[in-house]
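Engineer: Just remember that my numbering sits 162 ahead of the position in the sequence shown, which is counted from 1.
For every residue, glycine included, the Cβ atom is placed at its ideal position computed from N, Cα and C.
Just so we're clear, the structure is a prediction, and the values are computed from it rather than from any experiment.
I'd like to ask you about the structure that follows.
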Amino acid sequence: ALSSAASDVYKRQLINEILNAKEKFMKKKIITALTAVMIIASSAVPTMANTVGYNFTFYSPEGFVSSNSGTKNDTEQRYYLTINSSSIYSNNVFGTRIRRAADNATMSNYVKHTSQETSRSYAYTKSAKKSTLYYMRGKKDDCSTSSSQLNVIGRVTY
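Written out as structure tokens, the structure reads:
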């Protein structure tokens with residue numbers, strides 16, 4: 163009876179060792195799979211572009227106003243201008259251009275806006291580098307014949 167009991171204990175120990183080994187193997191598999199998912203997910207997250215809001219009021223075509231600076235977070239050679247609210251119309255024209263903050267260099271063509279656009283992209287005329295500060299300069303364009311003030315609210319993405 164002793165050898166039968168010892169045999170049963172040995173079998174139970176062997177079964178427990180096999181189950182523990184299988185459990186450890188499954189844990190390693192799960193950890194490896196989760197690690198792979200985390201690596202893939204972190205590399206698939208896109209870099210978000212830097213968007214700066216603006217709220218400009220102009221009383222005449224004299225002078226200009228600048229938006230806050232924003233860092234370019236991508237290598238795309240386009241910027242996006244959104245006009246959410248404005249008193250722009252054909253006689254009250256909003257002019258804009260992008261400049262590099264470090265040296266005030268012109269980075270885009272001067273664009274005249276004669277109507278409210280929801281959002282539109284424009285090309286840079288010089289290479290816009292990632293991690294560089296840019297800003298938008300705006301004004302009531304000289305071709306405006308209206309004496310009404312010009313209000314423009316929106317955002318620019320560098």
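Of the choices 283, 172 and 310, whose alpha-carbon is the least far from that of residue 252?
Structural biologist: 310
Engineer: If we count the other Cβ atoms within 10 Å of its Cβ and call it buried at 16 or more, is residue 261 buried or exposed?
Structural biologist: buried
Engineer: Express the C-alpha separation of residue 190 and residue 180 in angstroms, rounding to a whole number.
Structural biologist: 15 Å
Engineer: Ends of the beta strand (DSSP E) at residue 218?
Structural biologist: 213-220
Engineer: Taking the alpha carbon of residue 291 as the reference point, which residue from 220, 247 and 240 has its own alpha carbon closest?
Structural biologist: 240
Engineer: For the segment 258-295, list the beta strand (DSSP E) runs that are entirely contained and at least 3 residues long, ordered along the chain.
Structural biologist: 273-275 and 282-285
Engineer: Pick helix, strand or coil for residue 229, following the three-state DSSP scheme.
Structural biologist: coil
Engineer: Tell me, please, whether the CB atom of residue 279 is closer than 8 Å to any CB atom in chain B?
Structural biologist: No chain B is part of this structure, which consists of one protein chain only.
Engineer: Are the CB atoms of residue 299 and residue 233 nearer to each other than 8 Å?
Structural biologist: no
Engineer: Just list the residues that DSSP pairs residue 159 with in beta bridges.
Structural biologist: Any answer about residue 159 is impossible in this case: the structure gives the chain only from 163 up to 320.
Engineer: From which residue to which residue does the beta strand (DSSP E) around residue 242 run?
Structural biologist: Counting along the chain, the beta strand (DSSP E) containing residue 242 begins and ends at 240-248.
Engineer: Does the distance from the CB of residue 230 to the CB of residue 286 come in under 8 Å?
Structural biologist: no
Engineer: Could you compute how far the alpha carbon of residue 248 sits from the alpha carbon of residue 235?
Structural biologist: 28 Å
Engineer: Looking at the unbroken beta strand (DSSP E) that takes in residue 313, where does it start and where does it end?
Structural biologist: 312-319
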